[in-house]
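Chains as they are written, first to last, in the UniProt record's numbering: chain A, 1 to 244; chain B, 1 to 469. Even for Gly, the Cβ is constructed at its ideal location relative to N, Cα and C. Step one of this worksheet: look at the structure below.
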Amino acid sequence: MIYIYDGTWDCFLTAIHHYYYDRQDVADMESSVSFCANLIDEYREINTDIDKAKTVEQAILTKISSESLDNIIRCFFSEIKGCEMSILNYIKLGFKIGSKIDSMLGTQAVLDVLIPARKVKVESHRMLGLLRFELLENDIYYAPIQPDHNIITFIAPHFKSRFADQNWVIHDIKRNLAALYNKKNMIISYMDLDNIPDRHADELKFQSLWKNYFNHIAIKSRINPKLQKQFVPKRYWKHLTEKK
Amino acid sequence: MNLFDKLGILADAAKYDVSCSSSGGTRNNKNGVGNSHAAGICHTWSDDGRCVSLLKILLSNECIYDCVYCVNRASNDVPRASFTADEVIELTMNFYRRNYIEGLFLSSAVLKNPSHTMELMLDIVKRLRNEHGFYGYIHIKAIPGADERLINQAGMFVDRMSVNIELPSDRGLEVLAPQKPKKALLKPMQQISNKIIQLRDERKIYKRASSSGSLKRELFVPAGQSTQLIVGATPDKDLSILKLSEALYGSFNLKRVYYSAFVPTLTDPRLPALIKPPLLREHRLYQADWLLRFYGFCADELLSKANPDFNPELDPKSDWALRNLHLFPVEVNSVEYQMLLRVPGIGVKSAQRILAARRAGKLSFDNLKKIGVVLKRAGHFITCQGKTYDTYSQNESLVKESLMSARLLPQNKKYIPGQMSLLSTINESGSNESMSDLYVFDSPQSTEQWLSYYNQPQDGRLLLSDIHL
Chain A
1 MIYIYDGTWD
11 CFLTAIHHYY
21 YDRQDVADME
31 SSVSFCANLI
41 DEYREINTDI
51 DKAKTVEQAI
61 LTKISSESLD
71 NIIRCFFSEI
81 KGCEMSILNY
91 IKLGFKIGSK
101 IDSMLGTQAV
111 LDVLIPARKV
121 KVESHRMLGL
131 LRFELLENDI
141 YYAPIQPDHN
151 IITFIAPHFK
161 SRFADQNWVI
171 HDIKRNLAAL
181 YNKKNMIISY
191 MDLDNIPDRH
201 ADELKFQSLW
211 KNYFNHIAIK
221 SRINPKLQKQ
231 FVPKRYWKHL
241 TEKK
Chain B
1 MNLFDKLGIL
11 ADAAKYDVSC
21 SSSGGTRNNK
31 NGVGNSHAAG
41 ICHTWSDDGR
51 CVSLLKILLS
61 NECIYDCVYC
71 VNRASNDVPR
81 ASFTADEVIE
91 LTMNFYRRNY
101 IEGLFLSSAV
111 LKNPSHTMEL
121 MLDIVKRLRN
131 EHGFYGYIHI
141 KAIPGADERL
151 INQAGMFVDR
161 MSVNIELPSD
171 RGLEVLAPQK
181 PKKALLKPMQ
191 QISNKIIQLR
201 DERKIYKRAS
211 SSGSLKRELF
221 VPAGQSTQLI
231 VGATPDKDLS
241 ILKLSEALYG
251 SFNLKRVYYS
261 AFVPTLTDPR
271 LPALIKPPLL
281 REHRLYQADW
291 LLRFYGFCAD
301 ELLSKANPDF
311 NPELDPKSDW
321 ALRNLHLFPV
331 EVNSVEYQML
341 LRVPGIGVKS
351 AQRILAARRA
361 GKLSFDNLKK
371 IGVVLKRAGH
381 FITCQGKTYD
391 TYSQNESLVK
401 ESLMSARLLP
411 QNKKYIPGQM
421 SLLSTINESG
431 SNESMSDLYV
441 FDSPQSTEQW
451 LSYYNQPQDG
461 RLLLSDIHL
């Protein structure tokens with residue numbers, strides 16, 4: 001049996017609930033976004049049930065630990081292929097042995113969740129620095145990003161407290177996902193942001209000042225592009241004002 | 001002169017100061033813009049691979065001093081410029097709001113006299129905090145010789161203050177910076193350190209006195225002070241540099257000592273004729289500095305009078321382990337944390353993971369590999385449940401050869417000069433909101449709809465209909 005869920009966290013938890021209560025033999029779980037049916041396998045489409053999802057979340061919290069739940073959430077949002085089954089295996093083990101699982105760093109089933117979770121953590125932290133806002137003419141700061149993992153929920157709260165007196169949008173253009181903040185509230189939603197308004201009249205001035213600063217700050221006799229690329233991999237350059 | 005050219009000149013003049021860290025701040029955003037991130041955030045890496053966290057500029061490079069090693073010395077023929085306070089503020093605020101930087105690092109050449117310079121800098125940080133509601137990170141230089149009261153006042157507004165010693169010995173200062181005796185440099189450091197300690201103690205008393213905690217907490221240089229030493233401009237040995245750092249960490253409670261490979265920007269008979277900056281030496285000093293601060297080593301263990309310089313072929317920890325082979329091998333499953341830290345190939349992170357994993361069960365070499373231990377190096381110094389690793393040998397020269405073939409040079413070593421954000425635990429920005437509360441699944445269909453989100457009345461209410469006008 002292969003479970004098909006709609007790609008959201010709540011629906012995924014619902015699927016886990018079904019796995020436990022319907023006692024089905026689940027060979028795989030796939031998001032309907034990327035899934036491709038074949039003739040041989042059996043499928044079951046899962047519909048989100050918030051209560052079931054909350055039950056599973058609560059069970060992980062009480063039977064394993066809050067640290068585990070954090071790691072599971074991060075692993076899920078890594079969107080690495082196969083992470084759903086890694087999480088299921090991890091939860092199965094966790095329900096058996098409890099919070100001790102957090103220190104079982106030598107076990108493959110644990111590492112299969114911890115390593116993707118760590119990748120998400122590292123990329124989230126990196127993006128706190130590498131994200132760049134542009135001021136638009138209607139006084140909204142706009143930042144396009146294309147991260148490897150689906151990290152917008154992890155980074156948005158940081159910008160909410162830091163840029164509390166600014167209107168801003170963080171737009172994951174790879175996933176059509178955006179965090180919007182209007183000096184009061186923040187929402188995160190799937191959306192196609194087309195027709196982004198024009199830049200503010202001052203925007204290019206500050207971009208060129210920043211580029212100028214960036215070029216001057218490097219010490220010529222220490223130039224080391226390899227080291228630079230190690231910290232800022234080329235795939236992030238596209239939206240980096242100073243590297244564009 | 002326009003702002004563009006000024007920025008170029010004054011960034012050029014500031015870049016030989018290597019400090020860039022933005023960690024350790026505790027400031028929260030109070031109805032303004034900006035806050036501190038405990039672990040610090042790097043915003044970009046310049047073409048030389050150094051992290052850029054702060055807008056690092058000089059207020060002015062028109063210096064009255066003539067220090068031989070310095071690119072801004074009075075007798076050097078370079079373009080001169082000075083920012084106005086408004087210009088510094090405009091740059092800081094606009095760069096910060098675009099998330100280019102974590103804050104401002106303001107230093108200056110000595111303009112007219114030390115107190116005058118300090119006054120100008122104080123004015124800028126005061127206005128950033130009071131007039132512009134800026135809660136981002138600010139690091140400023142205390143100008144040696146400036147009035148004590150000015151330095152104390154500035155400390156109330158900034159997150160970090162530093163005084164650069166630059167030259168690691170009296171003799172070096174005498175020859176290369178005759179206007180700056182070491183005493184004058186150490187005085188403000190002592191003063192900052194005393195004030196930090198004094199306020200910390202007072203806070204303890206107040207805490208006990210007022211249970212409500214309503215007393216306004218006075219911040220003074222909350223992220224601590226740091227300094228910089230130039231490596232290679234004087235004949236000082238690594239041992240004396242490291243001893244100085246050790247003393248600074250001990251007696252002045254410094255947060256960081258930075259090492260800057262001397263970049264020969266000038267020729268002078270009093271300066272060494274270097275072709276390239278001594279980057280490997282600088283790298284070794286950073287490695288040793290980390291050993292002092294996080295691994296429980298002391299300077300005398302790493303270097304000695306007979307052996308006053310670091311081995312260019314081996315990192316200081318491997319070098320120490322090779323000289324102390326009689327202490328090894330240690331059993332990973334039982335050895336205490338302090339000794340675990342001393343094993344080459346095991347860092348703070350992996351030592352902590354080993355400690356955690358040990359509680360769950362005995363570890364094998366395979367487990368260690370998964371934890372992140374570099375067995376190519378650690379394998380020579382440990383046993384796992386009594387067994388030795390494949391490459392284990394007691395022959396010193398064989399071990400040395402193997403360590404050197406596994407050695408990591410600065411180019412491909414995963415170390416972060418100046419910033420350790422990825423090494424230290426990443427503090428998540430605390431959020432009380434649960435994720436599903438933030439998500440809106442009925443997505444706006446057009447540009448007008450999402451833009452209208454920004455035009456709604458600011459009464460704190462947010463309904464889905466607000467973005468579906």
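Residue i: first and last residue of the uninterrupted beta strand (DSSP E) it sits in
i: A/Met186; result: 186-190
i: B/Glu246; result: From DSSP, B/Glu246 is part of no beta strand (DSSP E) but of the alpha helix (DSSP H) over 238-251.
i: B/Ser260; result: 256-261
i: B/Gln228; result: 225-231
i: B/Lys141; result: 137-141
i: B/Gly103; result: 103-107
i: A/Lys63; result: Looking at the DSSP string, A/Lys63 is not in any beta strand (DSSP E); the run it does join, the alpha helix (DSSP H), is 50-63.
i: B/Lys56; result: 54-58
i: A/Asn176; result: Neither: A/Asn176 is in no beta strand (DSSP E) and is coded neither H nor E.
i: B/Pro222; result: No beta strand (DSSP E) contains B/Pro222, which DSSP labels as neither H nor E.
Cβ separation of residue i and residue j, assumed to be a contact under 8 Å, to the nearest whole Å
i: B/Trp45; j: A/Gln228; result: 5 Å
i: A/Leu136; j: A/Pro197; result: 5 Å
i: B/Leu186; j: B/Ser108; result: No, B/Leu186 and B/Ser108 are not in contact; Cβ-Cβ is about 20 Å, not under 8 Å.
i: B/Lys143; j: B/Val110; result: The sequence as given places Ile at residue 143 of chain B; Lys does not occur at that position. The pair is a contact, with the Cβ atoms about 6 Å apart (cut-off 8 Å).
i: B/Leu266; j: A/Leu209; result: That pair is no contact at about 28 Å.
Exposure of residue i, with buried meaning 16 or more beta-carbon neighbours within 10 Å
i: A/Leu204; result: exposed
i: B/His380; result: buried
i: B/Phe4; result: exposed
i: A/Trp237; result: exposed
i: A/Tyr3; result: buried
i: B/Glu396; result: exposed
i: A/Thr62; result: exposed
i: B/Thr234; result: buried
i: A/Thr107; result: buried
i: A/Glu42; result: exposed
i: A/Leu39; result: exposed
i: B/Lys15; result: buried
Close Cβ partners of residue i (< 6 Å) along its chain, the five nearest in sequence each way excluded
i: B/Asp315; result: Gln287
i: B/Gln179; result: Tyr65
Residue i to residue j span [Cα, whole Å]
i: A/Ala53; j: A/Phe163; result: 33 Å
i: B/Tyr454; j: A/Gly129; result: 25 Å
i: B/Ile151; j: B/Pro188; result: 8 Å
i: B/Lys414; j: A/Gln24; result: Model confidence at B/Lys414 stands at a pLDDT of 41, short of 50, so the residue's coordinates are unreliable; what they give is reported in the following sentence. Distance between the alpha carbons of B/Lys414 and A/Gln24 is about 46 Å.
i: B/Glu202; j: B/Arg73; result: 41 Å
i: B/Glu90; j: B/Phe83; result: 11 Å
i: B/Met1; j: B/Ala85; result: 15 Å
i: B/Ser345; j: B/Val374; result: Reading off the sequence, residue 345 of chain B comes out as Gly, not Ser. Near 5 Å, if we compare the C-alpha coordinates of B/Val374 and B/Gly345.
i: A/Asn71; j: B/Ile197; result: 39 Å
i: B/Val335; j: A/Thr241; result: 49 Å
i: A/Asp112; j: B/Leu54; result: 37 Å
i: B/Phe105; j: B/Cys51; result: 13 Å
i: B/Ser115; j: B/Ala184; result: 14 Å
i: A/Ala59; j: B/Phe134; result: 43 Å
i: B/Ile41; j: B/Tyr137; result: 11 Å
i: A/Gly7; j: A/Val33; result: 7 Å
Residues of its chain near residue i, where Cβ-Cβ distance is below 8 Å and the 5 sequence neighbours each way are ignored
i: B/Lys305; result: Leu239
i: B/Val330; result: Met339, Leu340, Val343, Phe381, Ile382, Thr383
i: A/Glu79; result: His149, Asn150
i: B/Cys298; result: Glu246, Leu292
i: B/Pro457; result: The pLDDT assigned to B/Pro457 is 45, lower than 50, so where the model puts this residue is not dependable, and the model offers no usable value.
i: B/Cys63; result: Cys70, Asn72, Arg73, Ala74, Ala109, Val110, Leu111
Segment limits, alpha helix (DSSP H) that includes residue i
i: A/Ala117; result: 108-130
i: B/Val78; result: Premise fails: B/Val78 is in no alpha helix (DSSP H) and is neither H nor E.
i: B/Glu87; result: 85-97
i: B/Asn152; result: 148-155
i: A/Leu209; result: 203-217
i: B/Asp123; result: 114-130
i: B/Met1; result: It is not in any alpha helix (DSSP H) - B/Met1 carries neither H nor E in the DSSP assignment.
i: B/Met404; result: 396-405
Chain-order list of residues whose beta-carbon lies under 7 Å from that of residue i (same chain, five-residue window excluded)
i: B/Asp309; result: Lys237, Asp238
i: B/Leu248; result: Thr227, Leu254, Val257
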